[in-house]
Every structure is written in structure tokens, then in C-alpha cells.
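A.B. asks:
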Amino acid sequence: FDELHYGKYVSLYMKRTFFFDSHPPFGKQLIAAVAYLAGFDGQFKFDRIGSSYSEVVPLFALRLVPAVCGSLILPTTYHLMLELGLTQWTAALAGFLLLCDNAMLTQSRFILMESMLLLFALFGLLCILKFRRYHNHPYCLQWWLWLSLGAASLTCALCVKYVGFFSCCLGASVVGRDYWRLLSERQISDGAVLSIYLTIFYVHLAVLSHAGPHDSVMTSAFQASLEGGLASITRGQPLEVAHGSQITLRHSHGRTCWLHSHTHVYPIRYPDKRGSSHQQQVTCYSFKDVNNWWIVKRPRRNDLVVSQPVDAIRHGDVIQLVHGMTSRALNSHDVAAAMSPQNQEVSCYIDYNVSMPAQNLWRIDIINRDQVGDIWHTIESLVRLVHVNSSQALKFSGRQLPDWGFNQHEVVTDRILHQDDTVWNVEEHRYTKNEDQKDRERELVNAEMIPLRATTLSFWEKFIELQYKMLFANQENVQNHMYSSEPLEWPFMARGIAYWVSPHSNAQVHLLGNLVVWLSGSVSLVLYCTLLTFYLIRRRRQCYDLSPDTWHSFVVVGEVLLSGFLFHYVPYFFVERTLFLHHYLPAFTFKVLLTAALVEHLHRFLCETLSWRLALAVFKLLTLAWLVAVLVVFRRFSVLSYGTTPLSATDILRLRWRDSWDFILHRQ
Numbered sequence: 001f002d003e004l005h006y007g008k009y010v011s012l013y014m015k016r017t018f019f020f021d022s023h024p025p026f027g028k029q030l031i032a033a034v035a036y037l038a039g040f041d042g043q044f045k046f047d048r049i050g051s052s053y054s055e056v057v058p059l060f061a062l063r064l065v066p067a068v069c070g071s072l073i074l075p076t077t078y079h080l081m082l083e084l085g086l087t088q089w090t091a092a093l094a095g096f097l098l099l100c101d102n103a104m105l106t107q108s109r110f111i112l113m114e115s116m117l118l119l120f121a122l123f124g125l126l127c128i129l130k131f132r133r134y135h136n137h138p139y140c141l142q143w144w145l146w147l148s149l150g151a152a153s154l155t156c157a158l159c160v161k162y163v164g165f166f167s168c169c170l171g172a173s174v175v176g177r178d179y180w181r182l183l184s185e186r187q188i189s190d191g192a193v194l195s196i197y198l199t200i201f202y203v204h205l206a207v208l209s210h211a212g213p214h215d216s217v218m219t220s221a222f223q224a225s226l227e228g229g230l231a232s233i234t235r236g237q238p239l240e241v242a243h244g245s246q247i248t249l250r251h252s253h254g255r256t257c258w259l260h261s262h263t264h265v266y267p268i269r270y271p272d273k274r275g276s277s278h279q280q281q282v283t284c285y286s287f288k289d290v291n292n293w294w295i296v297k298r299p300r301r302n303d304l305v306v307s308q309p310v311d312a313i314r315h316g317d318v319i320q321l322v323h324g325m326t327s328r329a330l331n332s333h334d335v336a337a338a339m340s341p342q343n344q345e346v347s348c349y350i351d352y353n354v355s356m357p358a359q360n361l362w363r364i365d366i367i368n369r370d371q372v373g374d375i376w377h378t379i380e381s382l383v384r385l386v387h388v389n390s391s392q393a394l395k396f397s398g399r400q401l402p403d404w405g406f407n408q409h410e411v412v413t414d415r416i417l418h419q420d421d422t423v424w425n426v427e428e429h430r431y432t433k434n435e436d437q438k439d440r441e442r443e444l445v446n447a448e449m450i451p452l453r454a455t456t457l458s459f460w461e462k463f464i465e466l467q468y469k470m471l472f473a474n475q476e477n478v479q480n481h482m483y484s485s486e487p488l489e490w491p492f493m494a495r496g497i498a499y500w501v502s503p504h505s506n507a508q509v510h511l512l513g514n515l516v517v518w519l520s521g522s523v524s525l526v527l528y529c530t531l532l533t534f535y536l537i538r539r540r541r542q543c544y545d546l547s548p549d550t551w552h553s554f555v556v557v558g559e560v561l562l563s564g565f566l567f568h569y570v571p572y573f574f575v576e577r578t579l580f581l582h583h584y585l586p587a588f589t590f591k592v593l594l595t596a597a598l599v600e601h602l603h604r605f606l607c608e609t610l611s612w613r614l615a616l617a618v619f620k621l622l623t624l625a626w627l628v629a630v631l632v633v634f635r636r637f638s639v640l641s642y643g644t645t646p647l648s649a650t651d652i653l654r655l656r657w658r659d660s661w662d663f664i665l666h667r668q
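Here's what the structure looks like:
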């Protein structure tokens, strides 16, 4: 499963090859550092789930960091509960529940990020709670120590996965409640947070200096700055775009694709009965192709050959773009686009001898001319192509065309000029040398795709582009997966994940939590919210059922643990991407801690009510039975061997419970 991806990232670190991931790199850097010390050369190909590791792979070293972090979660949890004012028994109970959860165990045994994320988040929260002790003695040594450690640890959680942002929000809310008057003083902490975040990305970009398999996600300028990237693949490419230039136009932001056309035309009518122009299709194609080439032409010139001196195109110039393989000009009419009827269709003009003259003039708008100048440059210049007749900009709409458009992406014009999807740049570039169309087509088919020199980007330019790509990459990551699940399914563990299935036997590894822990945690969550509502209503009516200390402890637990659960769970209802059960683990951890705290609260409440001694005895027996059930189910869930069909937790519990009785009855 995901070990395939993270192992591949570690291999690319060893070879200093650039890769793209939608999450920050700190967790992968930690694993790569240990792998480097263990002598891993990165030559093993993580290419297929279930393939055997070769002897040259230091598997122990690769899995060491997640395993150690998973182990350290338990003592961190213990001290966190103590810091909330709970007893040692309750702190031990919280650690025991996490210890006996199969999902936490499984997630920390492989090359995965969640154990590191949880450790940094919980340790950062522990430091913040210790920092709160000194709110009456600001600026003392301990005040600075715990504040700095808390800020650093929460930032490290953010640098493992962006989910750590929710932990940062929780830490900020805990501090903000007690330190509203000192918020302005925390600017130093903000500086420390920023410096850690920037340092991690500086190391990431400094180490990964070679081109790799994920280059195409980045802009042309970023690719050309990598060793072995565009700059070394191509040699002798002209810098200035001129009349007669043969170019490929790349969509600069978001999805990687190139302006494309082919001989097929738009259908006469769409399924909704709207008509089209029936002109030649223009799309955005996600692969390199000979039909991605266009020729830049001055409107008043009939030839397509680059003259000497070069007739360079400048900001504000009006041009035509002639498709290299069909010799038809890029055009737009007042016709609704196929998939985005609010926009105008883009086509290559075919003269049908009807009353629809060509509208194929485009004005060049170089949006970064302050940095690169007024001349249109290969790779460096970011341009908008503004349709002269309609004053609309050429835009990648993001919509996918149906079968008649070969499932390529739609290109339209939009009256809103200033948006990322209207920005393009020239990637490949060569000068036209032959006027004959057949010779030009031969040149394009045999073209070597290459830039003049390596592009040099500063750290800040690379950093800003990488942040943009990481933040918006997940918008395109919505797809169906047989093990994906929805947030509403997580509290009841309705669907696990098959991490590994042996090709030779029925041995498997499933991500599946301890059913007793998960369900009791969900019940505890509802019970805590019910009690909180009940107590608040009673206190509003001047009925104080709890002692001041018990009420204060109950509220503090909610402020930290209930808030932690909500911070890490609710946002997923608004996330448009493929989700899995492991996304729930941070919220699950806070739910388990809340369960242990609720057990102490009920015990304390029954102890304070002397007339309820029988109820107290029953409560203790039920708690003991619950813990035994946790242990039994943990043992039974530790080994699963029931085929490849995804089973729910209740199915597996029923099967394992049956086997347990068979084992007991037939035991020698």
C-alpha cells in the first residue's frame, strides 16, 4: 500500500532525484537519513505492492523511525494525561487503550507517516500544556523552554503532513484562551515556527537537485533548473519567441497539459441540443505529442519562416497561432463551449464558406514582464492570450471532454482575465526554417525537444511554486478506490484497508482497529457531549451537581481533548479527495484519551455520591470486563486470514470469536 510510495521517495532522496508529493517532506527526510546511515543506495525499485524486498534493502532501518515514534506515543500520552490533571491510573489507561489498538500498531510498523505525525502533535500539545503553568511568570526560563519546544514540535507535525496544521490550531487555541493579553508577544514563536518550516524545505530542495519522474508537475522554469531536466534534454533552443517560431504552450498552473489540436471537429449538436461551430477541436493534452506544436505568425505576413534579424514578439503585440500539423489558426467565436457553456468555444478555423468569418487574432499579455522584460521569452515569460474580438483570455477550464473529444481537457475563453488558469508559457521552441508545409511537418515530427540554458531559480521562487503545487494538487486527487471510506464511516470502522496480501498463502496485513476501543470511544464521545450539555443547563439554573475541582477537570478535558477530536475530524467533511481510514487516526487518538478521561470522571462522580456505592462497585466490574474485552479483541485481531474481500470489523470479530471458541474447546 502506501509503503510503495514512501519507499520510492526515500530511494529518490538517495539518488538526489526530484519528486513531488502533496505533503511536506520532514517525515520522509527522517527515514531517508536513517536509510543513508544504514548504507541504502536507493537502487531498489518500489514498483509493485507485494513484491519481495531484496537483501540489499535495509528494511529494519527504513521502518525504524515510524516504529520508534509509534512506541514513544505511549509515554507521551501518559504525561499528557497527567498534565491535564488526571490520575496516574487514568494516564495508564489511556496508554493501554492505544497500546491495544491494532490500527495504531499496524500503522507504526511500516514506512508510513502517521506515527511521526501523532508523536510530534502530542508532544507539542504536552509542551503547550506545560507552558500554561507559567502564565503568571512570563519570560522565565521554563516559559521560554516549553513555548519553544511546543512551537517546534507542532511545526514538525505540520512538516510531516499538512494534517499537522489542525494540531497547530489546537495548540494555538489552548494558548490563546489563557494568553489573550500576551498574543502580541508570541511573534518570536511565530518566527521560530517559520524558520523551522523554511529550513526543512531548504534541505529538501537543496538535496533534490536532479530531474526525476515528477518533473512534469512543476512549471517549465522549475524543470529547467534541475540537473538533467529540460535544460539538458534540449540543446540550442532559442530564447526569444518571434514570427515563425514553432512552440508548445504549457498550462502553467494546476494540471500539467499542453495546448493541442487535431483534425477532428466538434459535433454539430451536443446531447443538450445546443449547437457548436463544427470547427476543428482545440484541447489541453496531458502528454507530449506532435499535435502540441503551434507556429507564431504576424497577421500581415504570409510566410512562416523566421527572418534575420529576428522579428521578436513583445508584450501587447497581436499575433496568430497556426497549428503546426493542420495549418489552421487558433480561433474563437461567439459560440458556447461544449462543457462550459458560460464560456466561449475555442477552435481552429475551417472556412466552410458560411457567414462565420475567422476571428483568430490574439494579443500577448506578458504578466511577469517586470522580471523578464517586454520580449516574449521561452520558459521564463508567463503570458495570457487575449482574444482581440471578444477581449476574453484563453483558459484551461478543467473540464474533461467526452469520447468525441478523446477525454482530453477543454480549452475556452473567459471574460475574467486575471486567474491562474489563463496563464501559459512556451516550453519547447524552435525556429521555422522551411516554407513548405510538408517539410515543416517533417521537422515537427522529428523535433528534438530542448531550452537554451539551465534556468536558475532562487530558493524563494522554488519554495513558493512548490507550496502552490502542494496546496492545490489534491483538488485533482478525487477518485474511487476499493478501500476508500467516508468520514461518517470512520467512528464505526466500517471499512478497513488491505495493506498486503501474500501471493503464496492466505497471509494478510489489514489496517483494522480494535473494535472494542473504537466503538467504546464513539460511545464515550456522545456520552461526554451529553453530560456537558446536561451540566451546562443545570448550572444555568443554579444547580451545581459537581464540586468545583471536578467541574474544572471536566471542562479542561473538553477544551483540549474534545477540541482536538473536532479539529482533526470535522475538516474532512469539506475535503474533496480520496480518503482512507488512516486519515482518522489523529482524531481517533484524541477520542481514546477522552474515553479514559470520561472513565475517571464517572468514577469520581460516583465516589463523591456516597449513596451510590453499589453503582460504584458495578461500574468497577464493568470497567474491568471492558479492559479484558479490549485485550481479547486485540489478540484476536492481531492475525487475520480471511481472503482478499474487504471485511467490516464486525464480520472479522464474528469470525475470530468463532475461532477463539474452537481453539479453546479443542485445545490439548
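Numbers 1 to 668, taken from full-length UniProt numbering, label the letters of the sequence shown in order. Glycine is no exception: its CB is placed at the ideal position from the N, C-alpha and C atoms.
Whole-angstrom Cβ separation of Ala312 and Val322, contact assumed at under 8 Å?
C.D. replies: Contact doesn't hold; Cβ gap of about 18 Å is too wide.
A.B. asks: Comparing alpha-carbon positions, which option in Met14, Gln320, Lys161 and His251 lies nearest Glu114?
C.D. replies: That would be Lys161, whose Cα lies nearest to the Cα of Glu114.
A.B. asks: Please specify which runs of the alpha helix (DSSP H), each continuous and at least 4 residues long, are wholly inside the stretch 19-99, giving them in chain order.
C.D. replies: Runs found: 26-37, 59-83 and 88-99.
A.B. asks: For Asp101, is the classification buried or exposed, using 16 other Cβ atoms within 10 angstroms of its Cβ as the cut-off for buried?
C.D. replies: Buried, since its Cβ has 16 or more Cβ neighbours within 10 Å.
A.B. asks: For Ile268 and Ser276, I'd like the C-alpha separation in whole angstroms.
C.D. replies: Cα-Cα distance, rounded: 5 Å.
A.B. asks: Determine, using beta carbons only, whether Ser340 and Ser390 come nearer to each other than 8 Å.
C.D. replies: No.
A.B. asks: Look at the alpha carbon of Cys140 and the alpha carbon of Leu532, and state the distance between them as a whole number of angstroms.
C.D. replies: Between Cys140 and Leu532, the C-alpha separation is close to 36 Å.
A.B. asks: Return the residue from the list Leu98, Leu488, Arg314 and His243 that minimises the CA-CA distance to Trp294.
C.D. replies: Taking only the C-alpha atoms, the option nearest Trp294 is His243.
A.B. asks: For Glu380, which three-state DSSP category applies?
C.D. replies: Coil.
A.B. asks: Whole angstroms are fine: how far does the CA of Ile128 sit from the CA of Pro58?
C.D. replies: Using only the alpha carbons, I get a separation of about 37 Å.
A.B. asks: Please check the pair Leu93 and Val632, which I expect to be a contact at CB under 8 Å, by giving their CB distance rounded to whole angstroms.
C.D. replies: Not a contact, Cβ separation roughly 17 Å.
A.B. asks: Can you look up Phe120 in the DSSP assignment and give me helix, strand or coil?
C.D. replies: Helix, per DSSP.
A.B. asks: Does the distance from the C-beta atom of Cys284 to that of Phe131 stay below 8 Å?
C.D. replies: The answer is no: Cβ separation not under 8 Å.
A.B. asks: Taking one C-beta from the stretch 509-529 and one from the stretch 567-579 each time, how about it: are there three or more such pairs within less than 8 Å?
C.D. replies: No, they do not touch.
A.B. asks: Could you pull out every residue in the same chain whose Cβ sits closer than 6 Å to the Cβ of Ala91, ignoring the five residues on either side in sequence?
C.D. replies: Once the five neighbours on either side are set aside, the close Cβ partners of Ala91 are Tyr78, Met81 and Leu82.
A.B. asks: Whole angstroms are fine: how far does the CA of Leu593 sit from the CA of Phe19?
C.D. replies: Roughly 37 Å between the two C-alpha positions.
A.B. asks: If Asp549 and Tyr535 are in contact, beta carbons under 8 Å, what's the gap, nearest whole angstrom?
C.D. replies: Contact doesn't hold; Cβ gap of about 14 Å is too wide.
A.B. asks: Is the beta carbon of Glu240 sitting closer than 8 Å to the one on Leu112?
C.D. replies: No, Cβ-Cβ distance for Glu240 and Leu112 is not below 8 Å.
A.B. asks: Expressed to the nearest angstrom, what Euclidean distance is found between the alpha-carbon atoms of Val163 and Leu145?
C.D. replies: Each residue's Cα considered, the two are about 25 Å apart.
A.B. asks: By a C-beta neighbour count over all protein chains shown, 10 Å radius and 16 as the cutoff for buried, is Asp334 buried or exposed?
C.D. replies: Asp334 is exposed by the Cβ-count criterion.
A.B. asks: Can you give the Cα-Cα distance for Pro487 and Tyr572, rounded to whole angstroms?
C.D. replies: Using only the alpha carbons, I get a separation of about 7 Å.
A.B. asks: When the distance is taken between beta carbons, is Asp365 closer than 8 Å to Val386?
C.D. replies: Closer than 8 Å, so yes.
A.B. asks: Taking DSSP as the reference, what is the three-state secondary structure of Leu418?
C.D. replies: In the sequence on display, residue 418 carries His and not Leu. His418: coil per DSSP, three-state reduction.
A.B. asks: What's the gap between the Cα of Gly7 and the Cα of Leu64?
C.D. replies: So the two alpha carbons sit approximately 13 Å from each other.
A.B. asks: Can you list, in chain order, the residues of its chain with a C-beta nearer than 7 Å to that of Pro503? Leave out the 5 residues immediately preceding and following it.
C.D. replies: Closer than 7 Å at the Cβ level, and outside the excluded window around Pro503, lie Gly50.
A.B. asks: Run through DSSP, which three-state label would His264 get?
C.D. replies: Strand at His264.
A.B. asks: Between the C-alpha atoms of Tyr9 and Cys159, what's the straight-line distance to the nearest angstrom?
C.D. replies: Their Cα atoms are separated by approximately 15 Å.
A.B. asks: By the three-class DSSP mapping on this structure, what secondary structure does Ser390 have?
C.D. replies: Looking at Ser390 - three-state DSSP - the assignment turns out to be coil, as it is neither helix nor strand.
A.B. asks: Ignore the nearest five residues each way along the sequence and tell me which others in Val306's own chain have a CB closer than 8 Å to its CB.
C.D. replies: The answer, listed in chain order, is Ala242, His243, Gly244, Ser245, Tyr431, Thr432 and Lys433.
A.B. asks: So, with DSSP's three-state summary, where would you put Gly316?
C.D. replies: DSSP places Gly316 in coil when its eight states are reduced to three.
A.B. asks: Considering only the beta carbon of each residue, do Asp374 and His315 sit closer than 8 Å?
C.D. replies: Cβ atoms of Asp374 and His315: closer than 8 Å.
A.B. asks: Under three-state DSSP, which class holds Gly275?
C.D. replies: If DSSP states are grouped into helix, strand and coil, Gly275 belongs with the strands.
A.B. asks: Does DSSP put Arg399 in a helix, a strand or coil?
C.D. replies: Arg399 falls in the strand class under three-state DSSP.
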